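Residues -15 to 348 (my numbering) are what the sequence shown spells out, left to right. All C-beta atoms in this analysis are idealised placements derived from N, C-alpha and C, irrespective of residue type, glycine included. Since the model is a prediction, treat every value here as computed from it, not as a measurement. Notes follow the structure.
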Amino acid sequence: MKVRFVDLSAQHKPLEGELRAVFDRVMTKCSFVLGPEVEKFEEMFAAYCGVDHCVAVSNGTAALQLALQALGIGSGDEAISAVGARPVFVDIDPLSYTMDPAKVETAVTSKTKAIIPVHLYGQPADMDAINTVAEKHGIHVIEDSCQAHGARYKGKRAGSLGTAACFSFYPSKNLGACGEGGAVTTNDAVLAKKVRMLRDHGAVRKYEHDFPAFNLRLEGIQGGVLAAKLPRLDRWNENRRALAKRYSDLFADTKVIAPQQMSYAEHVYHLYVVIVEDREFLKKALFEQGIENGLHYPVPLHLQRAYSYLGYKQGDLPVSEHVAANHVSLPMYAELPVEHVDYVAKTVREIVECHPVLGPGERT
Ligand SMILES: Cc1ncc(COP(=O)(O)O)c(C=O)c1O
């Protein structure tokens, strides 16, 4: 059996007619950049996330950049490098793999302007604890919701849990465009207006620019595609959750450490990531059995060459390093056939159990 890691055609084939109609509408109106399709999606996505404003932008990276710039964060601050600030990395919690709130507290300095928790793999970070630290120090919290469309924290949607939130609509995301896309969501009208201007050359209206800015606008077609897909997102996420549960049930009583859904979270399993003792052995054996698999992510940010100037070294963030070195991402997408999950889980179990050195054993 051949098992794909992600199969985008499984989602797009059944939607082909609807998506072609979007293309026709945009062609007819020639509303190629921003325009009514984007505006409609912005309204729909704000309502979906339970916030007052959504500003659609060209990708998730742009969303993060613009949210920070709209808050006036930049050079000399501690936040993120894309706006000229200095990033400070903190370790993750060993169960949720999201930012450890206790570590945030110790990392905050007078230069810290924003905390950016990533809702990694589709599970929200512990936002109450992080917001408490932020409030104490008077700093902003920007959710990186790029992997968590529709996820919930204590019943509230990702995207509504901080000062602002940033989404990516890269095609393979839980909600994906047919190309690049992103958005900033917020309840802050002033912030939303600033992001709206920053994405469009600082324009208040055509030919009137209040400050120098960028071109980071969403295309009309992507707005239409996202609006067509959004009503299906909850069903797709339910499928992902059911598939994840099936995997996890099949890994009970094995040495495979399945992802843990925290009591406060409704995880949407953008990725299904397990921890094993010899991941290179597992990866290779899975490929030999026709099962695609991936790594998210093998080199933690603090050890990336791009951030060598910050002076981090191996051992600084031990939990992140452990997960980076021992995880494997298994096939996961909303349309993944149940038989594939069963085959993958059975194969993983067999591979882990017949490891030449580790052999069968208790869950660690
Ligand atoms: C957690 C996270 N943050 C940010 C991004 C950046 O989004 P984009 O690729 O749309 O720029 C991604 C996309 O992969 C992501 O997964």
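From the DSSP secondary-structure annotation, give me the bridge partner or partners of residue i.
i, result
"Ala98", "His124"
"Gly166", "Val41 and Ser152"
"Lys140", "Tyr137"
"Arg201", "Val41"
"Glu250", "Arg136"
Taking residue i as the reference, which of the options has the closest Cα?
i, options, result
"Thr169", "Leu(-1), Gly44 and Phe265", "Gly44"
"Asn221", "Phe271, Ala309 and Leu159", "Leu159"
"Glu21", "Ala5, Tyr32 and Ser80", "Ala5"
"Ala167", "Cys150, Lys178, Ala173 and Leu175", "Cys150"
"Ala118", "Ala132, Cys130, Arg136 and Ala91", "Ala91"
What number of angstroms, rounded off, separates the C-alpha of residue i from the C-alpha of residue j?
i, j, result
"Lys97", "Ala69", "9 angstroms"
"Val260", "Arg230", "18 angstroms"
"Arg333", "Thr238", "7 angstroms"
"Gly134", "Phe153", "13 angstroms"
"Tyr248", "Asn223", "20 angstroms"
"Val303", "Asp77", "7 angstroms"
"Gly56", "Ala197", "13 angstroms"
"Arg347", "Val240", "For Arg347, the predicted structure reports a pLDDT of 39, less than 50, and the residue's modelled location is therefore unreliable. A value from the coordinates is still provided. Using only the alpha carbons, I get a separation of about 7 angstroms."
"Ser80", "Ala51", "25 angstroms"
"Phe(-11)", "Arg219", "20 angstroms"
"Ser156", "Leu(-8)", "7 angstroms"
"Val(-13)", "Tyr327", "9 angstroms"
"Ala47", "His339", "44 angstroms"
"Gly204", "Lys190", "18 angstroms"
"Val325", "Met111", "31 angstroms"
Going by the C-beta, is residue i closer than 6 angstroms to any heavy atom of ligand 2?
i, result
"Thr82", "Of the ligands one can find in the structure shown, namely ligand 1, none is ligand 2."
What do you reckon, is the C-beta of residue i under 6 angstroms from a heavy atom of ligand 1?
i, result
"Gln298", "no"
"Pro36", "Looking at the sequence provided, one finds Asp at residue 36 rather than Pro. Incorrect: Asp36 has no Cβ contact closer than 6 angstroms to ligand 1."
"Cys162", "no"
"Tyr154", "yes"
"Asp218", "no"
"Asn43", "yes"
"Gln107", "no"
Tell me, please, whether the CB atom of residue i is closer than 7 angstroms to any CB atom in chain B?
i, result
"Ser152", "Going by chain labels, chain B is absent from the structure shown, which holds only one protein chain."
How do the region 236 to 254 and the region 102 to 117 stand: do at least 3 beta-carbon pairs fall below 8 angstroms, yes or no?
-> Inter-segment contact for the region 236 to 254 and the region 102 to 117 is present: three or more beta-carbon pairs are separated by less than 8 angstroms.
How about the region 138 to 146 and the region 71 to 85: do they share at least three Cβ pairs that are nearer than 8 angstroms?
-> Per the Cβ contact rule, the region 138 to 146 is not in contact with the region 71 to 85 (fewer than 3 Cβ pairs under 8 angstroms).
Three-pair Cβ contact test at 8 angstroms for the region 176 to 184 versus the region 280 to 288 | For the pair of segments examined, the region 176 to 184 was found not to touch the region 280 to 288: the number of CB pairs separated by less than 8 angstroms stays below three.
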